[in-house]
Amino acid sequence: LLPKRLLRLDFNNTDQVQLMECAEGQAGRYAALSHCWGNPRDMEQIKTTRRNYKQRLRCILYGDLPKSFQDAVRVCRALGLQHLWIDSLCIVQDDSNDWQHESAKMTDTYENAFITLAATASAGCTEGFTMTHQRPRHFSEFSVYPGPDLVRLRNQPLYRRGWTLQEMALSGRLVHFAHDQLYWFCRSSTQGQYGQNLGTGTALPALNSRPTEQDPTLQDHNLWWDWVEDYSRRQLTRSEDKFPALAGLTKKFQQLTGGHHALGLWMDDIHYGLLWRRARTSKGSQPSAEEADGYSYIPSWSWASIQGPI
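According to my numbering, the sequence shown is numbered sequentially starting from 5.
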């Protein structure tokens, strides 16, 4: 099913794209972009707002798009896809009701996407993500997990943004545009651009399948805590996004387990969930006064009440 809005890519007119409203329940193929917003001043130029909404429905000039958005459009056209979802353009950014409604539907947006394009190596929307890679001369004859390819992937900018955890984990098919090469991720395998089989594991805990161990509930909660540990190492521009940026995974996990969620913990796993602590690698940094205000509604027994890795 299509999300509420998409960008329509006209193959006959490559000089522009157009914001379109989709009918409820409408089916079709589209790509979703996972990216770092970067400099707030850059993003001010390209957001959809209530003021420019009608103009976006008429036309968005291709030349006005930042480089990463242009790259996403070009990749979609090369794949024969006529529709693209980009958060800053398909959600009305200064409409709190629209933002809350659409951010709560991230599960559907990324799960239903035909493919997710991950601008993994780009720290901001103006950098672009398609580049020429130099083919390595040889590959090693052995592999370890996580191998050097996955380690390098985890160290790239997209893995430092809080919102992108659920975007990656929920996507059925995902292409990472990394510094060194492209990486293909799906539910069954992970492949490098030059033929490396990186195994069925992923560079983050993902929804590959339901656990099959004797105690599936315990295994499911282990998956949740893998997500939380990864998430706690990422950064958010706004502290009030702590739970919204994880809402898609929370919704999906609730569907898997039928559990009841309480501020980052699960009631049927509460005895274990309360045992979190700061990671030993954490320098014990304290949030700024502004960040502390953002966390003030979160009780101290929740891992979400602190800034930094757990």
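For each residue, glycine too, the CB sits at the ideal point set by N, CA and C.
Only a predicted model underlies this, so the values are computations on that prediction, with no experimental measurement involved.
Going by the beta-carbon positions, is the gap between residue i and residue j smaller than 8 Å?
i      : j      : result
ILE50  : LEU65  : no
SER236 : GLY176 : no
ARG165 : GLN239 : yes
ALA123 : SER38  : yes
PHE189 : LEU174 : no
CYS40  : GLY128 : yes
TRP270 : GLY262 : no
I want to see whether chain D comes within less than 8 Å of residue i, judged by CB atoms only; does it?
i     : result
GLN20 : This model lacks chain D altogether, as it is built from one protein chain only.
Closest to residue i by C-alpha separation, out of the options, would be which residue?
i      : options                       : result
VAL21  : TRP167, GLU244, ARG12, LEU278 : ARG12
THR130 : ASN43, ILE95, SER236          : ASN43
ASP279 : TRP307, ALA117, MET24, LEU5   : It is worth fixing the name first, because residue 279 is Leu in this sequence and not Asp. Nearest C-alpha to LEU279: TRP307.
ALA283 : ASP273, ILE314, SER300, GLN97 : ILE314
ALA31  : LYS256, ASP98, ALA117, ASP102 : ALA117
ARG242 : SER126, ARG281, TYR299        : TYR299
THR18  : TRP41, LYS58, LEU37, VAL79    : VAL79
ALA182 : PRO161, TYR57, PHE73          : PRO161
SER126 : TYR163, ASP112, THR120, ASP14 : TYR163
LYS8   : PHE15, ASP14, ASN16, CYS26    : CYS26
ASP14  : LYS58, ARG62, ARG45           : ARG62
LEU88  : ASP234, PHE257, ALA36         : ALA36
LYS246 : ASP98, LEU169, TYR187         : LEU169
ASP99  : THR52, VAL232, ASP273         : THR52
LEU154 : MET110, THR134, ASN201        : ASN201
TYR57  : HIS180, ASP102, ILE274        : ASP102
GLU233 : LEU10, ARG281, ILE274, HIS180 : ARG281
ASP273 : SER309, TRP229, ALA82, ARG191 : TRP229
Tell me, to the nearest whole angstrom, how far the beta carbon of residue i is from that of residue j; I am working on the premise that it is less than 8 Å.
i      : j      : result
ALA249 : TRP167 : 5 Å
ILE95  : ALA76  : ILE95 to ALA76, Cβ: 16 Å. No contact.
LEU23  : ARG60  : 4 Å
GLY252 : TYR114 : 7 Å
ARG33  : LEU85  : 6 Å
LEU227 : ASP112 : With 8 Å as the limit, LEU227 and ASP112 do not qualify as a contact, their Cβ atoms being about 20 Å apart.
LEU260 : ASP224 : 6 Å
THR134 : GLU171 : Incorrect: roughly 19 Å between the Cβ atoms, too far for contact.
Looking at the structure shown, is residue i part of a helix, part of a strand, or coil, going by DSSP?
i      : result
VAL77  : helix
VAL232 : helix
TRP188 : strand
VAL96  : coil
PHE53  : The sequence shown places Thr at residue 53, not Phe. It is coil, neither helix nor strand.
GLU25  : strand
ASN116 : helix
SER306 : coil
ASN212 : Unreliable positioning characterises ASN212 in this predicted model, as indicated by a pLDDT of 48, which lies under 50. A coordinate reading is not provided.
ILE314 : coil
ASP219 : Note on ASP219: pLDDT 48, under 50, position unreliable in the model; the coordinate value appears next. Coil, per DSSP.
GLY205 : With a pLDDT of 48 at GLY205, under the threshold of 50, the modelled position of that residue is not reliable, and no figure is offered here.
THR2   : Any answer about residue 2 is impossible in this case: the structure gives the chain only from 5 up to 314.
SER38  : strand
ALA266 : strand
PHE247 : coil
PHE181 : strand
TRP167 : coil
GLU145 : With a pLDDT of 48 at GLU145, under the threshold of 50, the modelled position of this residue cannot be trusted; read the value that follows with caution. Coil, per DSSP.
GLN20  : strand
ILE274 : helix
TRP103 : helix
LEU88  : strand
LYS8   : coil
GLN30  : coil
ALA82  : helix
query: Between the stretch 184–198 and the stretch 259–269, do at least 3 Cβ pairs fall closer than 8 Å?
result: no
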